[in-house]
Every structure is written in C-alpha cells, then in structure tokens.
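Position one of the sequence shown corresponds to residue 1 (my numbering), numbered consecutively onward.
Have a look at the structure below, then the notes.
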Amino acid sequence: MSERRWNRCGFTLVELLVVIAIIGTLLGLLLPAVQAAREAARRTHCGSTMRQLGIALQLHSDARRRFPAGYASNMTLPERDPDTYDSLPGTGWGLALAPFLEESAIKDRYASAGGVTAVANRDLVALPLSVFLCPSSSGPRDAFVVLDAAGNPLAAGVRLGRSDYVANAGQADVWQGAPHDDWAGLANGPLYRNSQIRPADVQDGLSHTVFIGEHSQGLSQKSWAGVVPGGWSQPEPRFRGTTSPDRGAALVLCHSGPGGSSGGLIHTPNDPAGHCDQMYSQHPSGCNVVSGDGSVRLVAADIDRRTWAAMCSIAGGEVAAAPE
C-alpha cells in the first residue's frame, strides 16, 4: 500500500508573523518619509503663497510710493480705549494689499468710513481668502468672533476672516504706546499702526529686512482684515495654559520682542512659549518670511536671537541675514 504524500500549502504561523513584522518595519520606515515629503510640499506651497504677498508689497510700493501701513486707524485719548488707543477700527495690511492680489472687488466694496465693524463690511471682512492661509496650519479656517481681554464677544459682534500671516512691527512696545505718540518712535520695523515706510527708509536693505511672516492659527487668532478697538488676539485652547491674549494690534501684527530688550526676551520664530505676538509656523524646520524685496526664505527656529531682532528692524545699522 503506497503512502499518500501531502503537499503543504500556505504559511506556518511563524512564517506569517515574520512577514507581518517585515511589512510593519517597512511601513515604519516609509511613513515618516511620506509625511516629510507631504510637509515639504506644504511648505513649498506656503512659500509660493507668500511670494504672492511679496509681489503685492512691491506693487503697492510702486503704485503708492510707500508700503502699506501695518494697519491704518485714527488715534484718540486713552480713556476711550486703553488697549489700542484707536477711535476707529483699523484697516489691516492684508486689506490694503487686496487690489494687488487679484482681490480688487474686496477693496472696491469696502466702506472705509465705517471700518471693519461697519454693517456694510460685515460679510466682506469675514471672507476666507486662500492667499492668507498656510496648508500646514492646524488652526480653524472659518471666521472668528472678536473677543475682549476676558474672552467675551465684543458688543459689535464682529467676525474676521483668518490669516496665517502677520506683518512685522519690529522690536517694539507698540501694543502699549502712549496716546497720540508717533509709532515711528516706538517701532523699529517696517509695518506698524499708520506706518508710511518708503523703500528708501529701509536703510538696512530691503532684502535683509523681514516684512511679513507666518503666525499659524493653531497658536492664536489673526486676520487679514484689520483691528477692532477693544478686541484681543486670543490663543487657541492648547496654548491657553502657557500664553495669554494680546492686545488688538496683535490681530494683524507681530514683534520680535519688547523695545530695548535682548537675549531671552527676543521672540524668535516658533518660540516654544507660543506668544500671541510672535512669528510661529507649524513647519518643523522653521518659519517662512517675506523680505522687503519680495523674496521668501525659511528662518530656522534656532536662529540667533540678536540676528533675528536685526532682521526685523529697518535702520539698525546691521546687515543681518538668516543663515542659509
């Protein structure tokens, strides 16, 4: 009687486990590479978007003989609004650049007499504009209700469209300047309240001076539209335990640190403290910035603090550039 021989099919349990382990290892090696490639693509897209802002800065300068104000607003006595000293809502730099970003219809429809709180402008200033949004930002995309220092909605009930980009006021105490002060005496950057900086005023060189940088909505509220008196820039929930709200100017501006400060008080990009008035991106390698000549570069998070402060001033006598 002949023996029947059985041919074994499939894998043993041990072989199957080995295959699964190999696949898991390959996936573990592959996924970070895929994620890195996706982030590189997002960062490149962000840089391309910011180049549009840089071109718009140049076009505004050519057409108006000066760069836009960080935000344009009238000033009044401090008892009217001690947090911003503004008697009227401020029109932001982003709104000023709209005609040069193929968004002329927005500027044409904007009722400047009433500012961002005017009923006629309510829907307009709440629009989401893709040119002001970074794909790496984890923050909300819908318009936000402007809140006061305590986190309560303002009586005006204003909603503003979001931005992941802010203008650079330099190293300054512009948030708390005395009433009627000339901000040129308080801010050493290119874009601040009612600024009228011309290319010739940027003595450190347009290519060496930061004009616009990132501030992710994942950290705090920012808008392309403008500033509301009494409104504050509020941090997102995950930062509320480590940082505080900042005054209305921080809705559209950032600074590199308080005036006259040095060392640890300088806020470099992506400072882990998460200040509402610093530049901050969600790119792991640093933060994109636009220089006065319209060029875009990535500034590393570990940049020397004094170098960063020098890059944010317009006439400090330094010739500072971000390390390549």
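All C-beta atoms in this analysis are idealised placements derived from N, C-alpha and C, irrespective of residue type, glycine included.
{"Asked": "Simplified DSSP state of residue 14, which is helix, strand or coil", "Found": "helix"}
{"Asked": "Proximity to residue 292 [Cα-Cα], best of 202, 165, 89 and 129", "Found": "202"}
{"Asked": "Residue 94 - containing alpha helix (DSSP H), residue span", "Found": "93–97"}
{"Asked": "Contact set for residue 242: own chain, Cβ-Cβ below 7 Å, skip 5 residues either direction", "Found": "273 and 274"}
{"Asked": "Within 8 Å, strictly: CB atoms of residue 218 and residue 282", "Found": "yes"}
{"Asked": "Contact check, residue 231 vs residue 154, beta carbons under 8 Å", "Found": "yes"}
{"Asked": "Coil, strand or helix - residue 288 by DSSP", "Found": "strand"}
{"Asked": "Option in 159, 157, 156 and 189 with minimal Cα separation from residue 171", "Found": "189"}
{"Asked": "Pairwise C-alpha distance: residue 35 and residue 91", "Found": "38 Å"}
{"Asked": "Residue 182, buried or exposed, once every other Cβ within 10 Å from all chains shown has been counted against 16", "Found": "Because residue 182 sits at a pLDDT of 48, beneath the cut-off of 50, its placement in the model cannot be relied upon, and the point is left open."}
{"Asked": "Exposure of residue 151, with buried meaning 16 or more beta-carbon neighbours within 10 Å", "Found": "exposed"}
{"Asked": "Cβ distance (whole Å) where residue 166 is taken to contact residue 311 below 8 Å", "Found": "That belief does not hold up - the Cβ atoms of residue 166 and residue 311 are roughly 15 Å apart, past 8 Å."}
{"Asked": "Other residues of its chain near residue 107: CB distance less than 6 Å, five sequence neighbours each side excluded", "Found": "98 and 99"}
{"Asked": "Contacts around residue 287, its chain only, beta-carbon distance under 8 Å, and the 5 residues preceding and following it disregarded", "Found": "213, 214, 269, 270, 279, 280, 281, 298, 299 and 301"}
{"Asked": "Paired residues, beta bridge with residue 280 - DSSP", "Found": "215"}
{"Asked": "Residue 228 versus residue 266: straight-line alpha-carbon distance, rounded", "Found": "26 Å"}
{"Asked": "Three-way DSSP call (helix, strand, coil) for residue 199 in this model", "Found": "helix"}
{"Asked": "Range covered by the beta strand (DSSP E) that runs through residue 300", "Found": "296–300"}
{"Asked": "Cβ-based burial, residue 65 [other Cβ within 10 Å; buried from 16]", "Found": "exposed"}
{"Asked": "Cβ-Cβ distance between residue 169 and residue 70 below 8 Å", "Found": "yes"}
{"Asked": "Of the listed residues 307, 59 and 162, nearest to residue 144 (C-alpha basis)", "Found": "162"}
{"Asked": "Classification of residue 308 by the beta-carbon crowding that lies within 10 angstroms, buried from 16 upward", "Found": "buried"}
{"Asked": "Where residue 125 sits in the DSSP three-state scheme", "Found": "helix"}
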